[in-house]
Every structure is written in C-alpha cells, then in structure tokens.
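**Student:** I have a structure I would like to understand better, so I am pasting it below and will then ask my questions one at a time.
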Amino acid sequence: MSGNKLLESLKIKECDRFPSRVSGHCNWESIRLIKSHLTPTQIKLFKATCFGHFLDVSDMVLSGQFCHHILLRECHVKNVDDNASSLWYHVGNGLIRFSLMEFNLVSGLAFAEYSESTSELFKQTNSRLRRTYFQGSKVKVKMIVDWFRNLGPNNKISDDDVVKLALILLLEMTLGSFIYARTFNSLSTCLHGRDDKFKIKFNDDKLEENVDGSVRRKGEKYNVYGFLTAFQVWAVEAIPKWVTLGYAIRVNNVAPRILNWQCTGTPSYADILKTLFKFKNITVYRTLGPTDEETRMPYWTGVDKLKYVSPNVDGCVGEDDVEDGFQDDVQDDVDDVAHDDIDGDHPTKTFKKVDVGGQKK
6 MSGNKLLESL KIKECDRFPS RVSGHCNWES IRLIKSHLTP TQIKLFKATC
56 FGHFLDVSDM VLSGQFCHHI LLRECHVKNV DDNASSLWYH VGNGLIRFSL
106 MEFNLVSGLA FAEYSESTSE LFKQTNSRLR RTYFQGSKVK VKMIVDWFRN
156 LGPNNKISDD DVVKLALILL LEMTLGSFIY ARTFNSLSTC LHGRDDKFKI
206 KFNDDKLEEN VDGSVRRKGE KYNVYGFLTA FQVWAVEAIP KWVTLGYAIR
256 VNNVAPRILN WQCTGTPSYA DILKTLFKFK NITVYRTLGP TDEETRMPYW
306 TGVDKLKYVS PNVDGCVGED DVEDGFQDDV QDDVDDVAHD DIDGDHPTKT
356 FKKVDVGGQK K
C-alpha cells in the first residue's frame, strides 16, 4: 500500500511547520566518565551487563535540527495494528516508522513485561545507594558526576556499587531511565498543542540582527527527553541521504546498529531543508527489518510479540533534575518555515554486509 493511502493526516500541517531549537537531554559525557574512572575489573563487570556495548559507541553529536524536521512530520496512519506503540512520520516519498522494533535494533536493549516487582526492586536498590553515598538525599545528575570525578584510585568502594552507580549515570545522563517509555512519550508529546507558542511571529522581541545587518527570526526552544540518540540513529538508517550528505559516517557492520555509526554533523534548519527535506523523491525506508544475525540476538527475542505499556516508575533522577551544564549543545540556527511536497512509499530496510565506511552493496 502506498504512503499516501496509509496517511490519514499530518499532526502539524505543512503550512504550519516552524523553526525551533531543540534541547536533547542525552549526553555522552557519561561514557567518558565511566571509561576514565572505572578500573579494568569494573569495566569488565560493566561490559557484562545489557548496557555494556554502549562503551563502544562512536562519537555521537546530536543534530537537534535533523530530529526537529522529522518531528514536524509526524502523522496519523490508517490500518496499522501497532499504531498505538509506534510513531509515524511523512518524509520524502513515504512513511517511516519509529517503534519498539526499530528502537530495539538500534539500541540492542531487550524488552520485558513491566511488573510491580520490577518497580519495587528498582526503588529498593536506589534507596540503598542514596543512603550509602548521598546521605539519603534526592540525587541529581551533577551529584553522580561529581561522585565519579572524586573517585580516587585507592577507594574502598565495592566494584558492584561502582558499576551500579555507573549504570545509573548512563541511564539518566545518556539513555533516559525506562528508556523506550520516556523516549516514546517525549517524542509523541513535545510539540503537541504548542503551535501558537512555537510559531514565529513578527514581534520586536522575536527579531535579532545578524552581524551582516540582516534580520532573522528567533525560534523558541523545547526539550526532548529519553534516548534521543537512538531516534537519530534510526533516522540515519531510515533516511540514507543523511549519510550521503556527510552528516553521519558508517564505521562498522555489527549488532546492535548504534555501534555502526558516527554522527558529527549539526547543520542548520535551513541547510537541512535545502539539502534534504525540500526533495520529495528521496529514498526512505518505512521500517527497519532484522538481518538473520539480528534475529538470533538475545535482545530481539520476542520483541515482535510485545505490546507497549508505559510504566509509571519514579527513577533515581528525574527530568527536572537534569542540569543545564550536562545537556548536549542546542542547535540555535533557525530559518523560514518549510513548505515541501511529500508523497509515495518505500519498503523495509535490512542491513547487508558492507566494508567499513563504505556504501551498501
């Protein structure tokens, strides 16, 4: 079925799209802290966890404007069974889907049914760590960062506790606790009902002068919580022209897919529009499909049978506790609203063997 036939409606009309600034609370400084402060024994223990592969992630610079362009194109689709647990976007010649399965293939994180016992265990573990290392107070990301920076080489802290705190740091600073839930909820709500706030109006306080004397319009800023890097890596695969433009480089061909990419480009809203989103005949992949190798990975087992239920769990650190000093840089470039035509449709994408840094074969 074509993309146009599946498309029910755009959540934000083409004529209402707006430039903005995006603050993604997904900072890879946690990986550098873990690598520099954990002992070889502790690194080995960390790598044995389900999050261990994140120590091997290449440079990941968040392109807030790339993510923003995609979020502007969220849409409702028809006759799709997993619509409740998926986000759909109308890009280029078709629809692209971000769901549990795409998140799974990119992140390498397994899913399981949520239960109250999970919640209780989470709370008990965090309570002990709070009492032991933070005097029982509410813990902010900066407190954990400072704790690691002050961790001397001859400390008497157990390897187990150091690794647990390193996992909490990774979860809260980089991934977002209860990762898919927070990511899905934030992506699906960050722009809803805010058209009037974010639309650029020709008021004096919305104008600023450039160094060349011209005047540009300033955009508002909004936050996206959760594991936004996984969303960006998924978008790199779903929209391969991003790689052609040089904003992402393929460095490997392994599973999970987040290990395969280096993202360093942060082009402006206007540049992305001119080089990518103004074209309606770009290739896009509606869904990401697993390779034979990926179907055998433990994290893929049963993911296609899971139904998404958003958990309601209080973590060790909350969204309000993220310090400005530990956010990724915000892309400030803004430009005129996009007015591009989109139609069509493309199929599922799976990976084939490639040379490191090369193109698909």
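Residues in the sequence shown are numbered consecutively from 6, following the numbering used here.
Built from N, CA and C at the ideal position, the CB exists for glycine as well.
(1) Using the Cα positions of Phe232 and Gly113, report the straight-line distance between them to the nearest angstrom.
(2) Where DSSP assigns a beta bridge to Cys72, which residues make up the other side?
(3) Select from Pro303, Thr296, Thr280, Met302 the residue whose C-alpha is nearest the C-alpha of Gln70.
(4) Starting from the Cα of Arg102, find the closest Cα among Arg135, Ser41, Thr292 and give me that residue.
(5) How long is the line joining the alpha carbons of Val339 and Gln237, rounded to whole angstroms?
(6) Do Tyr185 and Leu105 count as a contact pair if the criterion is CB distance below 8 Å?
(7) Checking the sheet assignment: what are the DSSP bridge partners for Asn32?
(8) Is it buried or exposed, Glu107, if we count other Cβ atoms within 10 angstroms and call 16 or more buried?
(9) Nearest to Trp247 by CA position, among Ile277, Tyr227, Thr234, is which residue?
(10) Contact defined as beta carbons within less than 8 Å: I believe Arg133 pairs with Gly141. What is the distance between those atoms, to the nearest angstrom?
(11) Spatial neighbours of Asp333 within its chain, please: CB distance less than 7 Å, with the 5 preceding and 5 following residues excluded, ordered by chain position.
(12) Could you tell me how far apart the beta carbons of Trp418 and Cys72 are, in whole angstroms, since I believe they sit closer than 8 Å?
(13) Could you compute how far the alpha carbon of Ser193 sits from the alpha carbon of Arg78?
(14) Under three-state DSSP, which class holds Tyr227?
(15) So Phe12 and Val96 are in contact, right, with Cβ under 8 Å, and what is the actual spacing, rounded?
(16) Note down the Cα distance separating Ala53 from Lys285, rounded to an integer number of angstroms.
(17) Can you list, in chain order, the stretches of the alpha helix (DSSP H) that have 4 or more residues and sit fully within the stretch 171-201?
(18) Rounded to the nearest angstrom, how far is the Cβ of Tyr227 from that of Ser25, given a contact under 8 Å?
(19) Could you say which of Ile48, Ile75, Phe56, Lys10 lies nearest to Ile17 if we only look at CA atoms?
(20) Please report how far the alpha carbon of Glu225 lies from the alpha carbon of Cys20, in whole angstroms.
(21) Provide the residue span of the alpha helix (DSSP H) that contains Ser63, from first to last.
(22) Go ahead and label Pro303 buried or exposed: buried means 16 or more other beta carbons lie within 10 angstroms of its beta carbon, across all protein chains shown.
(23) I'd like to confirm the pairing. Which residues does DSSP put opposite Ile101 in its beta bridges?
(24) Using only alpha-carbon positions, find the residue among Ile48, Trp239, Ser191 that is nearest to Val289.
(25) Given a threshold of 16 other Cβ atoms within 10 Å of its Cβ, counted over all protein chains shown, does Asn265 qualify as buried or as exposed?
**Tutor:** Here's the rundown:
(1) 13 Å
(2) In DSSP, Cys72 forms no bridge with anything.
(3) Thr280
(4) Per the Cα distances, Thr292.
(5) Residue confidence is low: Val339 scores 24 on pLDDT, short of 50, so the model does not pin down where it sits. Its coordinate-derived value is still stated next. Roughly 19 Å between the two C-alpha positions.
(6) yes
(7) Note: Asn32 sits in no beta bridge, so no partner.
(8) buried
(9) Ile277
(10) Not a contact, Cβ separation roughly 10 Å.
(11) In this predicted model, Asp333 has a pLDDT of only 32, less than 50, meaning its place in the structure is not dependable enough to derive any value.
(12) In the structure as shown, the chain begins at 6 and stops at 366. Residue 418 is therefore absent and cannot be evaluated.
(13) Distance between the alpha carbons of Ser193 and Arg78 is about 12 Å.
(14) strand
(15) Reading off the sequence, residue 12 comes out as Leu, not Phe. Going by Cβ atoms, the distance from Leu12 to Val96 rounds to 11 Å, so no, they are not a contact pair.
(16) If you take the alpha carbons of Ala53 and Lys285, they lie about 45 Å apart.
(17) Counting whole runs of 4 or more residues, the stretch 171-201 contains the alpha helix (DSSP H) stretches 184-194.
(18) 6 Å
(19) Among Ile48, Ile75, Phe56, Lys10, the Cα nearest to that of Ile17 is on Ile75.
(20) 18 Å
(21) It is not in any alpha helix (DSSP H) - Ser63 carries neither H nor E in the DSSP assignment.
(22) Answer is exposed; the Cβ neighbour count stays below 16.
(23) Tyr94
(24) Trp239
(25) When all chains shown are included, Asn265 counts as buried.
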